[in-house]
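Under my numbering, the first residue of the sequence shown carries the number 2, and numbering increases by one thereafter. Scroll down for the structure; my scribbles are underneath it.
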Amino acid sequence: MSQQSRVIIVGAGISGLTAATSLAMRGHKVLVLEKHETCGCLVNSFVREGFLFDGGIREVKNAGMVKPMLKELYPESKTDVEKVIKVIAKFDVYMQVLFGSDSPFFKDAKRDIRYYLSTFIVWCARFLATGAAILRMRLPMEQFLGQLLENQSLRDIISQHFFKKTPAFFAMSYFSLYPDYHYPKGGVGSIPKALAQRLAELGSEVRTKTEVVSVDAYHKTLTDGDGNHYSYDKLIWCADLKGLYSSLLYEGFSTKETGAMLREQKRILNSRGAESVFTLFLAVDLPPSYFSGISEGHFFYTPSKNGLGELHRADLAGLLSDWDTLDRERFYTWLEAFCRLNTYEISIPVLNDGSAAPEGKTGLIISFLFDYELTRRIEEDGWYDQFEKRITELMITSLSESVYPTLNEHILFSFTASPLSIHRKFACSEGAIVGWSFEQEIPIEAGMLNMKKAITTPLPDIYRAGQWTVSPAGLPTCIMTAKMAADLVHAKLSD
């Protein structure tokens with residue numbers, strides 16, 4: 002079967018749905034192809050035995066807690082703490098310039114002529130200063146903190162919130178962006194559901210369980226796993242970029258054109274995603290009031306002020322290097338320390354949505370950064386079940402002995418998600434949730450300061466958006482690149 006659509010979008014995650022809705026609202030009929038059964042990808046929620054859990058991103062709230070927390074934990078390092086707080090304050094200003102109401106990122110030049118004749122000029126001056134500051138802070142977070150702070154434990158506590166070698170400007174902006182996140186009723190998965198419903202109302206379609214296996218860029222034709230063909234005028238790829246470049250056909254292009262495409266293909270396919278996360282989902286017979294007396298619905302918690310040190314860097318590299326002869330007890334000794342000293346991200350949906358758990362009970366989502374390659378080797382060697390049981394016990398013990406006394410006595414059921422399961426379920430390379438690894442050269446030539454360049458590809462009439470489009474990546478950049486790609490496609494089709 003063959004179908005013709007002016008615009009096709011591959012991937013019904015938050016980027017794909019944002020781009021599709023933006024185009025549909027301007028009169029374009031859009032077809033969105035999604036390989037999985039549901040939309041949303043990393044922005045998803047699900048219910049198990051009456052408990053609502055978020056499977057990907059979560060609500061973030063109240064960054065104001067960061068500053069008093071650092072002051073309380075490190076009274077002996079008052080000068081260092083004040084330095085960190087001053088940097089965060091600067092980034093409050095930087096982020097307002099980049100993403101505030103005066104930013105042109107979401108302005109329409111045809112509709113906002115007065116803006117471009119007045120406010121835009123002032124914004125440009127502020128942007129130049131902000132851009133210069135960001136360029137100065139492109140160094141890895143670990144290096145930046147090493148230059149800024151003397152207290153090694155304080156450096157570790159801050160840096161272990163982030164993926165290895167995260168650029169300092171991105172990491173510090175994370176703290177300033179906290180207050181802008183909110184938790185929607187019904188979980189974060191209600192967002193893609195609402196977008197998909199809106200698309201249907203506008204006459205466009207999201208076709209799930211449809212995996213694109215071939216992209217004929219010259220003839221502008223896609224083929225799915227069932228042999229169906231789809232012709233397009235414009236294509237926006239919002240899925241994993243490795244999926245695009247591993248399914249490309251180049252017949253018909255000149256030698257020069259093919260060369261440019263093959264060079265980008267090589268860069269993309271040889272690159273790796275950033276660190277992933279290991280997540281523990283818990284259902285407990287403790288009431289929400291028990292947890293609301295301790296924290297809000299989403300927070301970061303570190304049982305020890307000592308920090309991970311080299312556990313997740315040199316020590317982890319040593320484990321992987323010695324893997325073939327590794328004594329399993331050595332690994333579990335490392336894992337115990339890793340769980341005891343790590344920073345946990347804890348989300349409690351029922352504190353934001355009273356319908357998220359049965360009465361008198363609570364669901365918790367507990368996670369920390371974890372290495373994909375380590376998880377892959379454990380499964381490959383056949384002892385993943387043993388590992389899963391042990392890491393679950395260690396995570397529960399760590400929290401039961403600190404922030405949640407007796408938690409281990411109230412567990413109704415538990416289950417986990419690993420970097421491997423994220424990779425398999427959501428087709429994210431290496432289970433990554435923020436795009437490309439910062440420990441290597443980024444295979445794309447665009448970042449936060451030139452995102453409009455990021456959405457273009459060497460492939461004619463093929464654009465891209467989402468977490469693999471810019472680096473560093475996050476939910477805001479996924480939405481922004483989607484909107485930019487939609488704007489460009491709309492402009493091209495309107496010419």
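Glycine included, C-beta positions come from ideal geometry on N, C-alpha and C.
Cβ-based burial, residue i [other Cβ within 10 Å; buried from 16]
i	result
C125	exposed
E83	exposed
K166	buried
L150	buried
K79	exposed
V123	exposed
E431	buried
K243	buried
K484	buried
I295	exposed
N343	buried
S322	exposed
R156	buried
A315	exposed
T326	exposed
F47	exposed
G488	Just to set this straight, residue 488 is Asp in the shown sequence, not Gly. By the neighbour-count rule (16 or more Cβ atoms within 10 Å), D488 is buried.
E330	exposed
Q161	buried
G17	buried
Cβ neighbours of residue i in the same chain (closer than 6 angstroms, five flanking residues each side left out)
i	result
K186	D354
S293	L352
T280	S368 and A418
M138	A169 and F170
A358	F52, V351 and G364
G361	P288
S215	T224 and S248
R7	D234
Integer Cβ distance of residue i from residue j, believed to fall under 8 angstroms
i	j	result
F332	H313	No, F332 and H313 are not in contact; Cβ-Cβ is about 14 angstroms, not under 8 angstroms.
V404	Y291	With a Cβ gap of about 11 angstroms, V404 and Y291 do not count as contacting.
S415	F282	6 angstroms
K235	V490	5 angstroms
Y219	E265	That belief does not hold up - the Cβ atoms of Y219 and E265 are roughly 16 angstroms apart, past 8 angstroms.
I9	L34	7 angstroms
V207	C40	6 angstroms
L400	L408	6 angstroms
T482	R199	Contact flag wrong, Cβ pair sits at about 20 angstroms.
T222	S232	5 angstroms
R465	I237	7 angstroms
Three-state class that DSSP yields for residue i in the structure shown
i	result
K235	strand
Y345	strand
R27	coil
T407	coil
R139	coil
Y249	It is Leu, not Tyr, that sits at residue 249 in the sequence shown. Three-state DSSP puts L249 in a strand.
I434	coil
K273	The amino acid at residue 273 is misidentified as Lys; the sequence shows Arg. Of the three classes helix, strand and coil, the one that applies to R273 here is coil, per DSSP.
P193	helix
E440	coil
P350	helix
D325	helix
L212	Just to set this straight, residue 212 is Glu in the shown sequence, not Leu. If DSSP states are grouped into helix, strand and coil, E212 belongs with coil.
L460	coil
V88	helix
I520	Examination of residue 520 is not possible in this model, given that the chain is present from 2 through 496 alone.
E38	coil
A64	Residue placement at A64 is poorly supported in this model, since its pLDDT is 38, which falls under 50; the coordinates are not used for a value here.
F128	helix
L336	helix
Nonlocal neighbours in the same chain, by C-beta distance under 7 angstroms from residue i, ignoring five residues either side
i	result
S154	K306, N307 and G308
A275	F164, A433, V435, G436, W437, S438 and F439
W324	R378
K87	none
The alpha helix (DSSP H) enclosing residue i, as first and last residue numbers
i	result
L494	L476 to S495
T256	T256 to L270
F388	Y385 to S401
H424	P420 to F427
F145	M142 to L149
D316	A315 to S322
Y302	From DSSP, Y302 is part of no alpha helix (DSSP H) but of the beta strand (DSSP E) over H299 to Y302.
Endpoints, the beta strand (DSSP E) within which residue i is located
i	result
D157	Looking at the DSSP string, D157 is not in any beta strand (DSSP E); the run it does join, the alpha helix (DSSP H), is Q153 to S160.
F292	Per DSSP, F292 belongs to no beta strand (DSSP E); it is in the alpha helix (DSSP H), P289 to S293.
T280	S277 to V285
Q374	What sits at residue 374 in the sequence shown is Glu, not Gln. Here E374 belongs to no beta strand (DSSP E); instead the alpha helix (DSSP H) covers Y373 to E381.
S46	S46 to R49
L53	F52 to D55
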